[in-house]
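What follows is a short report on a single structure.
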Amino acid sequence: MRYFSSFGLYGDYALFESLLYDFGYVPNHYDIIGFSSGALSALQYAMQRIVNKQRVGRVILLSPLLYTHHISSDSVLNIAGFDSDLITSFKRNVENLDSKNNTQIITHVSFESFAREFSHINIYTLWNLFKKACIHSYKKDKLKYHTTLYKQLGFHITDDIMRLDSHNNKECRVFTQFEKLTTLRNLWDIHAIDLEKIEKKSQKFVVFIAENDRITNSKLISKYLSQFGICYILKGRNHILQRVANKRA
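Heads up, my numbering is the position in the sequence shown plus 2, with the first residue counted as 1.
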């Protein structure tokens, strides 16, 4: 099995191992699996093996971080609702990204919220603005960028744990790590991926998505990816596909 971790994580396969087993997916040597941004790397790796005429087993994507503009040609985005305070904060801060007083951290998983507020802007202009905001946030405070990212993913990690890069026992033996700026930039350097070819050449194409994922537009992504294989939509789970406790009134 070749597994691709999400940006800033390693050992995160432990989060999904039991889930895959429950659905009958016991990884073999030729399977390719990726979580979140790692799902994009998994697709690229699958394409590389296909081009080189190498065997590809099952391609399994876990909460794939597909940005809306990757799968929609519309200039007006239809994005699910997000936290209004966050959106207001985006609007207030993104207009002057270089301001010393700017405290908003915009990570690479914030695109849907970002796009909702600026949906009147041409999608390509919006995309470039979003990347600029992410890079600025990363350069300004790498620690805060990572801790903000982990909270958005659904983890509970303190600044102290991040600084020590220590074992987070409460999150299924998942480790955190600082990523380089080049790694962040590479998230957007996606080469042509032919999903139809991956569907035909792989043993099976499988996707797991959380129905109420606050990071991705799960409805749009599931509709798109279900054309190429099996798409499981899991209820009551977050982006890391863990069950979310119901809040009592």
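Even glycine gets a Cβ: it sits at the ideal position worked out from N, Cα and C.
Element boundaries [alpha helix (DSSP H), containing residue i]
| i | result |
| --- | --- |
| Tyr226 | Ser220 to Leu227 |
| Arg118 | Phe113 to Glu119 |
| Leu131 | Ile125 to Lys142 |
| Ile52 | Ser39 to Val53 |
| Thr185 | Leu183 to Asn188 |
| Ile107 | It is not in any alpha helix (DSSP H) - Ile107 carries neither H nor E in the DSSP assignment. |
| Leu17 | It is not in any alpha helix (DSSP H) - Leu17 carries neither H nor E in the DSSP assignment. |
| Ile200 | Leu197 to Lys203 |
Beta bridge counterpart(s) of residue i as assigned by DSSP
| i | result |
| --- | --- |
| Phe210 | Leu64 and Tyr234 |
| Phe177 | Tyr12 |
| Gly26 | Paired residue(s): none; Gly26 is not in a bridge. |
| Gly36 | Phe6 and Leu63 |
| Arg245 | Arg239 |
Proximal residues to residue i (C-beta, below 7 angstroms), its chain only, five neighbours per side dropped
| i | result |
| --- | --- |
| Ser7 | Asp14, Phe37 and Gly40 |
| Thr150 | Ile107 and Thr109 |
| Arg245 | Gly238 and Arg239 |
| Lys142 | none |
Whole-angstrom C-beta distance between residue j and residue i, which should lie under 8 angstroms
| i | j | result |
| --- | --- | --- |
| Arg60 | Ser224 | Contact flag wrong, Cβ pair sits at about 18 angstroms. |
| Thr218 | Leu68 | 7 angstroms |
| Phe230 | Phe207 | 5 angstroms |
| Ile34 | Val58 | 7 angstroms |
Nonlocal neighbours in the same chain, by C-beta distance under 6 angstroms from residue i, ignoring five residues either side
| i | result |
| --- | --- |
| Cys174 | Residue confidence is low: Cys174 scores 47 on pLDDT, short of 50, so the model does not pin down where it sits. Its coordinate-derived value is still stated next. Only Ala16 and Leu17 meet the Cβ criterion. |
| Phe113 | Tyr69 and Phe132 |
| Ser139 | Ile107, Ile108 and Tyr147 |
| Pro29 | Met3 |
| Leu155 | His241 and Ile242 |
| Ser43 | Phe6 and Gly36 |
Span of the beta strand (DSSP E), counted from its first residue to its last, around residue i
| i | result |
| --- | --- |
| Tyr5 | Arg4 to Phe6 |
Own chain, CB closer than 8 angstroms to residue i, minus 5 neighbours either side, in chain order
| i | result |
| --- | --- |
| Tyr234 | Phe25, Val208, Val209, Phe210 and Ile211 |
| Ile137 | Leu183, Leu186 and Arg187 |
### Query
Is the segment 44-53 in contact with the segment 188-203, if contact means three or more CB pairs nearer than 8 angstroms?
These segments touch.
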